[in-house]
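Okay, so here's the structure we're looking at.
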């Protein structure tokens, strides 16, 4: 599958856009600059999708992370709250470690039900991409 990729400054955050429109974020550390770059880029993609009336399909790969930080939890919660109302969104999160899975599940438990229903946790990238493709068929572009 072809894609465009971009490294954002010198942080532990990169992203790529697949030809099918899926945006894949890679977060390899939870330093503040990495988290802030991820939040800024993902929020901008959400706003762009909302303004264009598109289905936002994203995958966040946090498989390299060892443990969560309070700062990351706070910023992710803030970003979730700033998601435009009415955005059609499908968000897959790849979380192979139990500590990070628990961290992600805790954040999901604090989201409004409608928003939490558009987010799924996976242990591998292939399953996450498969779900995002199924969501496209189910909900449209």
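In this note's numbering, the protein residues as written are 7 to 147.
Every residue, glycine too, gets a C-beta built ideally from N, C-alpha and C.
If you draw a straight line from the Cα of residue 108 to the Cα of residue 70, it comes to about 15 Å. The criterion of a C-beta distance shorter than 8 Å is satisfied by residue 89 and residue 52. Measuring C-alpha to C-alpha distances from residue 146 to each of 72, 87, 60 identifies 60 as the nearest.
Between the stretch 127–134 and the stretch 80–95, the count of C-beta pairs closer than 8 Å stays below three; the two stretches do not touch. Beyond the five residues adjoining it in sequence on each side, residue 32 comes within less than 6 Å, by CB distance, of 20, 67 in the same chain, given in chain order.
Here residue 84 is exposed. Its C-beta has fewer than 16 other C-beta atoms within 10 Å. In the three-state scheme derived from DSSP, where H, G and I count as helix and E and B as strand, residue 49 is classed as helix. With a 10 Å radius around the Cβ and a threshold of 16 neighbouring Cβ atoms, residue 73 comes out exposed. Residue 28: not part of any beta strand (DSSP E); DSSP gives it neither H nor E. The three-state reading of DSSP puts residue 98 in strand, counting E and B together.
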